[in-house]
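The working numbering puts the last residue of the sequence shown at 206; the count rises by one with no breaks. Beta carbons: idealized from backbone N, C-alpha and C, even for Gly. Data first, discussion second: the structure below is written as structure tokens.
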Amino acid sequence: MAELQRLTGISPWFLQEMEGIVILEGRLRGFNLERLPEDLLEKAKRAGFSDAQIASFCATTAGDVAARRICAGLHPAVKRVDTCAGEFQAETPYLYQTWEQFSEAPPTDRPKAIVLGSGP
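Written as structure tokens, this is what we have:
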């Protein structure tokens, strides 16, 4: 990995993260959907794999993966970024979707905007 870092200039931390994703993909490819362990399905969702990606690795359909995920109780949750560091209530908090046990922001009828990106 040191040679790859030297050649690309990519941070070792990012290279390790990418390696973990590739290893996880390889593990997923070793199962069909029926034999896929629930903890591995959850790990894949937390790592950011879509139902369609998991389906392609496990030779099935995205709909079948979604059904299996729902049966396993894996649902997306909305979390809140505390932009005011707890000093006072944020008027317009940033929200993100992840795979956790509970949501911090219930749905509302208020207008919304989405910002796509990865970091500041």
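Cβ separation of residue i and residue j, assumed to be a contact under 8 Å, to the nearest whole Å
i, j, result
"Thr144", "Leu119", "This sequence places Cys at residue 144; Thr is not what is there. At roughly 5 Å, the Cβ-Cβ gap stays under 8 Å, so Cys144 and Leu119 are in contact."
"Val160", "Ala133", "Here residue 160 turns out to be Leu, not Val, going by the sequence shown. About 13 Å; that fails the 8 Å criterion."
Rounded separation between residue i and residue j - CA only
i, j, result
"Leu213", "Glu173", "The question about residue 213 has no answer here: the residues shown for the chain are numbered 87 through 206."
"Cys170", "Tyr180", "11 Å"
"Thr194", "Thr146", "35 Å"
"Met87", "Gly106", "13 Å"
"Tyr182", "Ala199", "12 Å"
"Val201", "Ala163", "18 Å"
"Leu288", "Lys129", "The requested residue 288 does not occur in the structure, where the chain is confined to residues 87 to 206."
"Ser136", "Gly116", "17 Å"
"Glu177", "Arg166", "12 Å"
Extent of the continuous alpha helix (DSSP H) run through residue i
i, result
"Val108", "98-115"
"Leu127", "124-132"
"Ala138", "137-143"
"Arg196", "Arg196 -> no alpha helix (DSSP H), and no H or E assigned at all."
"Cys157", "148-157"
Run of the beta strand (DSSP E) containing residue i, from where it starts to where it stops
i, result
"Leu93", "Segment 88-94 is the alpha helix (DSSP H) holding Leu93; no beta strand (DSSP E) there."
Where residue i falls, given that 16 or more other Cβ within 10 Å makes a residue buried
i, result
"Asp168", "exposed"
"Arg155", "buried"
"Ala153", "exposed"
"Ile140", "buried"
Paired residues, beta bridge with residue i - DSSP
i, result
"Thr184", "Ala163"
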